[in-house]
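The next block holds one structure in the form of C-alpha cells; read it before the comments.
Protein chains in written order, with our numbering: chain A, 316 to 657; chain B, 74 to 436.
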C-alpha cells in the first residue's frame with residue numbers, strides 16, 4: 316500500500332466517520348439524560364430529506380408558469396444551503412419532541428418509540444418526496460447554491476512540504492465541507508458541556524438518579540427535554556451532511572443505510588464518553604473506508620470477504636456489549652420514565 | 074392503576090388508540106393531496122375483493138403471524154426481540170439447505186424437515202443475544218438489532234459464495250426441484266374440488282395457524298408459560314419463586330427466534346422457491362406492530378396479522394390505482410407502533426380521568 320493510498324483512506328475515513336460522530340454525540344446527550352434513543356436513524360433520515368428538499372426548492376429559479384413536475388423556487392444563492400440545514404434541524408427536532416412526548420411526558424416505552432420514529436421517517440420521507448418531486452422518492456440533484464463547498468484550511472499548501480504531518484494536514488484534514496469540522500469541534504464542546512458545566516452535571520444526574528435531581532428542586536422533565544432537543548440538533552446536522560455535504564447531493568430512499576445504528580454501536584463502544592466516541596466513530600469509519608476501497612482482502616491463506624468487513628462494526632459492538640473487552644455500563648436511569656411521587 | 078374495568082382496558086383503549094393511528098394515517102393521505110376514503114376503498118377492494126386479492130392478503134398474513142408471534146412470546150417475558158428480521162433471514166438459510174439437498178425426494182419429506190431446520194436456524198440466531206443478555210447483561214434490544222445487520226451480511230456472503238447458483242449473476246440459489254415444491258392453496262383447493270386462482274398462498278398458512286394455537290397453549294396452559302409470564306411481570310418475584318431467569322430467557326428466545334425463522338417457509342419455499350437476498354422484506358419489523366396491536370395474544374396477533382396483510386396487499390393495489398406509493402404502508406405501520414406501543418397513555422390518561430370523574434359523579 317502506497318503512502319498516497321493511506322492518505323486517501325484516511326480522507327474517506329474522516330468523511331464516513333462524520334455522520335456517525337454527529338449521530339453518536341446526539342445519542343450521547345439523550346442517553347446520558349436517561350432517554351434511550353434507537354431513533355437516531357430516523358431523525359437523520361428525516362433531516363437528510365428535509366434539508367435536501369428545502370435547499371433544492373430554495374435554489375431553484377422562480378418560474379412564472381412552471382410545467383407540471385417543474386418546481387418554481389426562490390432562486391436563492393448560498394442562503395439556499397443554509398435554509399436547507401435549518402429545515403433539516405427542524406425536522407429532526409420535531410421527531411425529537413415526539414420522542415420526548417412519548418418517553419418523558421407520556422412515560423411510554425422509549426425503545427418502541429424509537430422503532431416507530433425510524434419507520435415513520437422511512438415512510439414519510441419517500442411519501443412526501445414522491446408527492447413533491449415525482450422522482451421515485453428522491454429529491455432533485457442539488458447544485459450551485461444548494462450545495463456546500465469544500466473548505467481549504469489555512470496554510471494547507473504551505474505546510475504540504477513538511478514530511479508526514481504536511482500531507483496529513485493538507486490532504487486529509489483540509490478540503491472538507493463545513494460539517495466535518497463542526498463534527499470534530501462538537502467533540503470537545505460536548506465534553507465541556509457535559510463535564511464542565513452545571514447544565515451538563517444536571518443532565519448526567521437525571522440519567523443516573525432523577526430522584527435526587529428532583530429533590531434538589533430541578534425539573535427532571537425540562538432537563539430531559541433539553542437533552543432530547545440537543546440530540547435532535549446533532550442528528551439534524553448528521554442528516555443535512557448526508558444529503559447536502561456528500562457526493563450524493565440530494566436525498567435518496569433510505570440513504571442513512573443503518574448509520575444511526577452504527578452510531579449507537581459506537582456510543583456503546585465508547586461507553587457513553589465524547590472523546591471515546593470520536594475514536595469509535597473513526598474506527599468504524601475506517602472499517603467502512605477499507606471495505607469501500609478493498610472489497611476483498613487477500614491474506615495469502617484465505618480471503619476476507621467484503622461482507623465480513625461491513626459486518627465488523629456490528630460484530631465489534633456485540634463483543635463489547637458482551638463485556639469481553641471492558642464493560643459498557645449504560646446510564647443507570649436509562650429507559651425508565653421518571654414518575655414524581657404524588 | 075388497575076382500577077379500570079377490564080373491558081375498558083382490553084377493548085376500549087386499544088380501539089381508541091388504533092382509531093387514532095388510522096385517523097392520523099388518513100391525515101397523511103390528505104396532506105399529500107389524495108382522498109383517504111377512496112384510498113381505503115381501493116385498499117379493501119384490492120385486498121378482499123377477489124380470491125386473488127384474498128390469496129395475497131393471506132400470504133402476507135402468514136408472514137406476519139410468524140413474526141408477530143415471535144415478538145409476542147418474547148414480550149410476555151419482558152424481552153423485546155427486534156431481531157425477527159435477522160432470524161427470519163437465517164431461517165431462510167435453514168429452509169434452503171434442506172430444500173436444496175432433499176428436493177429429489179417428496180415434499181412430505183422435505184417440508185417437515187424444512188420446518189425443523191427453519192426453526193433451528195432462527196433459534197440459533199436468537200440464542201446468542203439471549204445468552205449475552207442472560208449471562209453477560211448485554212441489552213437484548215441492541216444485540217438483536219446488531220444481529221439483523223450481521224445476518225444480512227452473512228446472507229449476502231452465502232448467496233455470493235457457497236449457496237450461489239453456479240454461473241449465475243444474481244445472488245440467489247438455484248430453483249428448488251419438484252421434491253421441495255409445497256402445495257399451494259390452488260393445489261389444496263383442487264384436492265377438495267375448489268377452484269382457486271393461483272397466488273403464493275401455500276400450506277405454510279396452516280402451519281402458522283397451528284403455531285397460534287400452540288403458542289396460546291404454551292403461554293396460558295403450560296407450566297413453562299406460567300413461569301414465563303411471572304418472569305415478565307416481575308423478575309424479582311420470579312427469582313424468589315425459584316424460576317431461573319437464565320432458563321426462561323434462553324427458552325423464550327429459542328421459541329421466539331424459531332417462530333421468526335419459520336416465516337421463511339412461506340417466502341422461500343412458498344413464494345420464491347429459491348433463496349434470494351431480501352426474502353424477509355421487513356416482515357420481521359411488521360411483527361413488532363402486529364404483536365403490539367394484538368396485545369401479544371395469539372388471537373390478537375392473528376387478527377392484527379390479517380389487518381396488516383390487508384394493508385400490504387391493499388397497498389400494492391393503491392400504488393397501481395392512485396399516486397400513493399407503498400411507503401404509505403410503512404407510515405401506517407409506524408403510526409400503529411407509535412400509538413399502540415409508545416403513545417398509549419395519550420388515550421389512557423384521559424379515559425382514566427373521565428372514568429374516575431364518572432365514578433365520582435354517580436357515587
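The C-beta atom is built at its ideal place from N, Cα and C for all residues, glycine as well. Bear in mind that the values here come from a model prediction, so they are computed numbers and not experimental data.
Where residue i meets chain B, residues with beta-carbon distance less than 8 Å
i, result
"residue 625 (chain A)", "226"
"residue 622 (chain A)", "226, 227, 229, 230 and 233"
"residue 576 (chain A)", "218, 219 and 222"
"residue 547 (chain A)", "Result: empty, since nearest Cβ-Cβ is about 17 Å, beyond 8 Å."
"residue 573 (chain A)", "222"
In DSSP terms, what residue i is bridged to
i, result
"residue 275 (chain B)", "B:257"
"residue 494 (chain B)", "Residue 494 (chain B) cannot be examined here, being either before or after the span of chain B that is shown, 74 to 436."
"residue 138 (chain B)", "Note: residue 138 (chain B) sits in no beta bridge, so no partner."
"residue 618 (chain A)", "A:613"
"residue 491 (chain A)", "A:466"
Beta-carbon neighbours of residue i, restricted to chain B and to distances below 7 Å
i, result
"residue 632 (chain A)", "219"
"residue 580 (chain A)", "219"
"residue 409 (chain A)", "Those within 7 Å of residue 409 (chain A) in chain B number zero; the least Cβ separation is about 14 Å."
"residue 601 (chain A)", "Neighbours of residue 601 (chain A) on chain B: none; closest Cβ ~18 Å, over 7 Å."
Cβ-based burial, residue i [other Cβ within 10 Å; buried from 16]
i, result
"residue 92 (chain B)", "exposed"
"residue 415 (chain A)", "buried"
"residue 578 (chain A)", "buried"
"residue 154 (chain B)", "buried"
"residue 517 (chain A)", "buried"
"residue 431 (chain B)", "exposed"
"residue 320 (chain A)", "exposed"
"residue 103 (chain B)", "exposed"
"residue 306 (chain B)", "exposed"
"residue 655 (chain A)", "exposed"
"residue 74 (chain B)", "Any reading at residue 74 (chain B) must be qualified, since the residue scores a pLDDT of 47, below 50, and its modelled position is unreliable; no value is offered."
"residue 625 (chain A)", "buried"
"residue 181 (chain B)", "exposed"
"residue 221 (chain B)", "buried"
"residue 242 (chain B)", "exposed"
"residue 325 (chain A)", "buried"
"residue 309 (chain B)", "exposed"
"residue 149 (chain B)", "buried"
Chain-ordered neighbours of residue i on chain A, where CB pairs are closer than 8 Å
i, result
"residue 418 (chain B)", "421, 422 and 423"
"residue 122 (chain B)", "Per Cβ cutoff of 8 Å: no residues; residue 122 (chain B) is ~24 Å from chain A at best."
"residue 404 (chain B)", "434, 435, 438, 439 and 442"
"residue 361 (chain B)", "427 and 430"
"residue 212 (chain B)", "636 and 645"
Neighbouring residues, chain A, relative to residue i (Cβ below 7 Å)
i, result
"residue 407 (chain B)", "431, 434, 435 and 438"
Interface residues of chain A facing residue i [CB-CB closer than 9 Å]
i, result
"residue 106 (chain B)", "446"
"residue 401 (chain B)", "438 and 442"
Residue i Cβ short of 7 Å to the ligand SAM heavy atom set
i, result
"residue 378 (chain A)", "Within the structure as shown, the ligand SAM is missing, as the structure has no ligands at all."
Per-residue contacts from residue i into chain B (C-beta, under 9 Å)
i, result
"residue 629 (chain A)", "218, 219, 220, 221, 222, 223 and 226"
Partner residues on chain D for residue i, Cβ-Cβ distance less than 9 Å
i, result
"residue 144 (chain B)", "Chain labels in this structure do not include chain D; the protein chains are A and B."
Q.
Which residues of the segment 217-250 of chain B have a Cβ closer than 8 Å to any Cβ of chain A? Give them in chain order.
A. Within the segment 217-250 of chain B, the residues whose Cβ lies closer than 8 Å to some Cβ of chain A are 218, 219, 220, 222, 223, 226, 227, 229, 230, 233 and 234, listed in chain order.
Q: Pull out every residue of the segment 550-568 of chain A whose Cβ sits closer than 7 Å to any Cβ of chain B, in chain order.
A: Of all residues in the segment 550-568 of chain A, none places a beta-carbon less than 7 Å from a beta-carbon of chain B.
Q) Is the segment 386-398 of chain B close to the segment 621-635 of chain A, with three or more CB pairs under 8 Å? A) Not touching, per the Cβ criterion.
Q. Do the segment 133-145 of chain B and the segment 267-283 of chain B meet, that is, are 3 or more Cβ pairs less than 8 Å apart?
A. Yes, they touch.
**Q.** Where the segment 339-363 of chain A meets chain B: residues whose CB sits under 9 Å from a CB there
**A.** Residues passing the 9 Å Cβ filter: 351, 353 and 357.
Q. Between the segment 485-500 of chain A and the segment 550-562 of chain A, do at least 3 Cβ pairs fall closer than 8 Å?
A. In short, these stretches touch, since the Cβ pair count reaches three.
Q | the segment 165-173 of chain B / the segment 142-154 of chain B touching (three or more Cβ pairs under 8 Å) | A | By the criterion of at least three beta-carbon pairs nearer than 8 Å, the segment 165-173 of chain B is not in contact with the segment 142-154 of chain B.
Q. Per the contact definition of three or more C-beta pairs closer than 8 Å, is the segment 260-276 of chain B in contact with the segment 334-353 of chain B?
A. Taking 8 Å as the limit for Cβ pairs, the verdict is that the segment 260-276 of chain B does touch the segment 334-353 of chain B.
Q: Residues of the segment 425-443 of chain A with a CB closer than 9 Å to any CB of chain B: list them in chain order, please.
A: Hits within the stretch, in order: 425, 426, 427, 428, 429, 430, 431, 432, 433, 434, 435, 436, 437, 438, 439, 440, 441, 442 and 443.
Q) Quick one: any contact between the segment 339-347 of chain A and the segment 590-610 of chain A, if contact means 3 or more CB pairs under 8 Å? A) Touching, per the Cβ criterion.
Q) Which of the residues in the segment 484-502 of chain A, read from start to end, lie with their CB under 7 Å from any CB of chain B? A) Of all residues in the segment 484-502 of chain A, none has a Cβ within less than 7 Å of some Cβ in chain B.
Q. In the segment 329-345 of chain B, which residues sit with their C-beta less than 8 Å from some C-beta in chain A, listed in chain order?
A. Answer in chain order: no residues at all.
Q) When the Cβ atoms of the segment 427-442 of chain A are set against those of the segment 75-88 of chain B, are three or more pairs found closer than 8 Å? A) Result no; under three Cβ-Cβ pairs closer than 8 Å.
**Q.** Segment contact flag, the segment 358-371 of chain A with the segment 400-419 of chain A, C-beta cutoff 8 Å, min 3 pairs
**A.** When C-beta atoms of the segment 358-371 of chain A are compared with those of the segment 400-419 of chain A, three or more pairs fall below 8 Å, so the two segments count as touching.
Q: Report yes or no: do three or more beta-carbon pairs, one from the segment 478-488 of chain A and one from the segment 384-401 of chain A, lie closer than 8 Å?
A: No, the segment 478-488 of chain A does not touch the segment 384-401 of chain A.
Q) Quick check: the segment 380-387 of chain B against the segment 419-431 of chain B, are there 3 or more CB pairs under 8 Å? A) Contact fails between the segment 380-387 of chain B and the segment 419-431 of chain B, because fewer than three Cβ pairs, one in each stretch, are under 8 Å apart.
Q | Touching by the beta-carbon criterion (3+ pairs, under 8 Å), the segment 516-530 of chain A and the segment 347-354 of chain A | A | Short answer: they touch.
**Q.** Interfacial residues, the segment 183-209 of chain B to chain A, with Cβ spacing under 7 Å
**A.** If the cut-off is 7 Å between Cβ atoms, the segment 183-209 of chain B has 205 and 209 near chain A.
Q | the segment 129-153 of chain B: positions lying closer than 9 Å to chain A by Cβ | A | So the list reads 153, given in the order they occur along the chain.
Q.
Under 8 Å: do the segment 527-539 of chain A and the segment 467-476 of chain A share three or more Cβ pairs, one atom per stretch?
A. Contact between the segment 527-539 of chain A and the segment 467-476 of chain A is absent, because fewer than three Cβ pairs lie under 8 Å.
Q: Quick one: which residues of the segment 451-465 of chain A get their C-beta closer than 8 Å to a C-beta of chain B? List them in chain order.
A: Hits within the stretch, in order: 452.
Q. Pairing CB atoms from the segment 243-260 of chain B with CB atoms from the segment 94-101 of chain B, are three or more of them under 8 Å?
A. Taking a contact to require three or more Cβ pairs closer than 8 Å, the segment 243-260 of chain B and the segment 94-101 of chain B do not qualify as touching.
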